[in-house]
Amino acid sequence: RLKEGRALAQDVWSIYNVANLPADCINLGQGYMNFSPPQWVTEAAQTALRDIAPNHYSHPRGRIRLREAIKNFYSPQFNRELDVESEILVTSGANEGQYSVFTAFLEHGDEVIMFEPFFDQYLPSVTFNGGKPVYVPLHPPAHSKEKSTSNDWTIDIDELRRAITPRTKMIIINTPHNPVGKVFTRAELEAIAALAEEFNLLVMSDEVYDCLVFDGKEHVRIANLPGMWDRTVTVGSAGKAFAATGWRVGWLIGPKSIIQPTLAASTRIVFCTNSPLQEAAACGLEQAKERQFFETQLKEYAERRAILTDAFDRLGLKYTLPEGSYFVLLDISDVNFPEDYPFPESVLGRGRDFKACWFIALEIGVSSIPVSEFYCDEHANIGEAFGRFAFCKDVETLKKAAERLQALK
Ligand code: GLN
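All the letters of the sequence shown, read from the start, carry residue numbers 22 to 430 under full-length UniProt numbering.
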């Protein structure tokens, strides 16, 4: 099972890794920042490294300082007093947390519903644990539509209902969504929650971009909807929150009935998460409010988003204005390239978008991620229309990328 199929094909992050692209190519591909975490946070990491205890194994639940910080930061957002001993689990990045939930809960053949496009990691994480992914489309905006927002990517709740079978164990929600940037509305989440209740399903809500919701939109946590706390696990990430994607520090928040078995799985997979950077993440959450860190950061990201979308406006290319996350989907179906262009093997075997993004990276000097990677093989053609451009970069870099992209005219 593990040796077959898409799960072990070369992943898009390896193909479009900066190591495979010219050194002067501007990287708007894999979503990570080209700036440092805030200094007051990295200083906490340095302090932790000089201490003794934070250089050693942490409790598999996570260091108590970080669990306390998560409790204090998130309890008001979940309208409840989170219990550090049973409702919070620190994980080695959000990925490992999700993986451990699947390990803890999936029996061979259990079905896991995900909206498509989906963050690509979900697929192997489900299949490696014996689960079967089931896809429900996010319907793209009508092609004729000049300007669209991530809210124009819609769900059909009847399609979701039809996808549910007696084997369905779990639904994955991702809001704000990668790669679309969609911020699921309260009404959408209520409809999903009603089905989860009716069919007794678990919900994994990946909310790693919760600090990046623009234009005054509301970030609704499905765990907060009536009756949903007991069946929902919510995923968070220090990497996204504090510009520290390489730390691999994330967390899960949920009821004891989900956290306890997941702790057992996580303990056997990684035992514990790296300790010193848990101290730094704790410092970040402890001081964020008083420093108005997330408010300031959100404004900075809104400016970054505008630089990219202005560039696409000037080009007259269609794109999806994201209401959350740090990605813009650009319609690249009209970007032409010579069929005999010297594409590498890894790109040749894939969809048109893999070629278009490669061509743009090499000829225009800006890299992006082909969106068919976020679709199952059967539906990959839908994703071939798009390239995903990340704007988690400094203003200067984005302006330079914006200029280069004008050559697409
Ligand atoms: N979440 C990041 C992105 O979507 C990185 C993904 C990864 O490297 N696996 O770009």
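Even glycine gets a Cβ: it sits at the ideal position worked out from N, Cα and C.
{"Check": "Exposed or buried, which one is V122 when buried takes at least 16 other CB atoms within 10 Å?", "Outcome": "buried"}
{"Check": "Please name the residue in H80, Q308 and T266 whose C-alpha comes closest to that of G257.", "Outcome": "T266"}
{"Check": "Classify R22 as buried or exposed, calling it buried when 16 or more other Cβ atoms lie within 10 Å of its own Cβ.", "Outcome": "Confidence at R22 is low in this model, with a pLDDT of 47, below 50, so its placement is unreliable and no value can be given for it."}
{"Check": "How should L49 be labelled, buried or exposed, when 16 other C-beta atoms within 10 angstroms of its C-beta is the threshold for buried?", "Outcome": "buried"}
{"Check": "Of all the beta strand (DSSP E) runs that stay within the bounds of the segment 242-290, which reach a length of 3 or more residues?", "Outcome": "253-258 and 271-274"}
{"Check": "Which whole runs of the alpha helix (DSSP H) in the segment 338-383 are 4 residues long or more, in chain order?", "Outcome": "366-369 and 373-380"}
{"Check": "Alpha carbon to alpha carbon, what distance is there between L110 and R82?", "Outcome": "5 angstroms"}
{"Check": "Taking three-plus beta-carbon pairs below 8 angstroms as touching, is the segment 272-286 in contact with the segment 112-129?", "Outcome": "yes"}
{"Check": "Any idea what DSSP makes of S96, helix, strand or coil?", "Outcome": "helix"}
{"Check": "Sort A215, P276, F333 and A262 by Cα distance to Q313 and report the nearest one.", "Outcome": "A262"}
{"Check": "How many angstroms separate the CA atom of P187 from the CA atom of N221?", "Outcome": "10 angstroms"}
{"Check": "8 angstroms is my cut-off, CB to CB: does Q427 come that close to chain C?", "Outcome": "Among the chains in the structure shown there is no chain C, since it carries only a single protein chain."}
{"Check": "Using the rule of at least 16 other Cβ atoms within 10 Å of the residue's Cβ for burial, across every protein chain shown, is Y230 buried or exposed?", "Outcome": "buried"}
{"Check": "Smallest Cα separation from I85: which of K168, D141, P59 and E108?", "Outcome": "E108"}
{"Check": "Would you give the residue range spanned by the alpha helix (DSSP H) that E132 belongs to?", "Outcome": "Segment E132 to E137 is the beta strand (DSSP E) holding E132; no alpha helix (DSSP H) there."}
{"Check": "Should S57 and R269 be called a contact, given that it needs their Cβ atoms to be closer than 8 angstroms?", "Outcome": "no"}
{"Check": "Distance, Cα to Cα, I390 vs Q31?", "Outcome": "14 angstroms"}
{"Check": "Taking the alpha-carbon of A65 as reference, which of A411, L298, E89 and L419 has the nearest alpha-carbon?", "Outcome": "L298"}
{"Check": "Quick check on the burial criterion: 16 or more other C-beta atoms within 10 angstroms. Buried or exposed for Y37?", "Outcome": "buried"}
{"Check": "Helix, strand or coil, according to DSSP, for D334 in the structure here?", "Outcome": "helix"}
{"Check": "Which one of A303, L42 and Y53 has the shortest CA to CA distance from A264?", "Outcome": "Y53"}
{"Check": "Rounded to the nearest angstrom, what separates K277 and S287 at their Cα positions?", "Outcome": "15 angstroms"}
{"Check": "Locate the alpha helix (DSSP H) running through G52, then write down its first and last residues.", "Outcome": "Careful: G52 lies outside any alpha helix (DSSP H) and carries neither H nor E."}
{"Check": "Would the beta-carbon of E132 fall within 8 angstroms of that of K190?", "Outcome": "yes"}
{"Check": "Cβ of G152 versus every heavy atom of the ligand GLN: is any distance shorter than 7 angstroms?", "Outcome": "no"}
{"Check": "Taking 7 angstroms as the cut-off, is the C-beta of W174 nearer than that to any heavy atom in the ligand GLN?", "Outcome": "no"}
{"Check": "Can you tell me whether F407 is helix, strand or coil according to DSSP?", "Outcome": "strand"}
{"Check": "Count the C-beta pairs between the segment 151-158 and the segment 411-429 that are closer than 8 angstroms, then say yes if the count reaches three, no if not.", "Outcome": "no"}
{"Check": "Got a sec? Which residues, its chain only, sit under 7 angstroms from residue 432 by beta carbon, not counting five neighbours each side?", "Outcome": "Because the chain is modelled from 22 through 430, residue 432 falls outside the range shown and cannot be assessed."}
{"Check": "Alpha carbons only, please: which of L429, D398, G260 and A423 is nearest the one belonging to F139?", "Outcome": "D398"}
{"Check": "Should the segment 329-343 be called in touch with the segment 89-104, which here means at least 3 C-beta pairs below 8 angstroms?", "Outcome": "no"}
{"Check": "For D45, which residues from the same chain have a beta carbon less than 8 angstroms from its beta carbon, with the 5 sequence-adjacent residues on both sides left out?", "Outcome": "G386"}
{"Check": "Roughly how far, in whole angstroms, is the beta-carbon of T170 from the beta-carbon of L342, given that I think they are within contact range, below 8 angstroms?", "Outcome": "4 angstroms"}
{"Check": "Can you name, in chain order, every residue of its own chain whose Cβ lies under 6 angstroms from the Cβ of T175, other than the five neighbours on each side?", "Outcome": "H160"}
{"Check": "At a cut-off of 7 angstroms, would you count N38 as near the ligand GLN, judging by its Cβ distance to the nearest heavy atom?", "Outcome": "no"}
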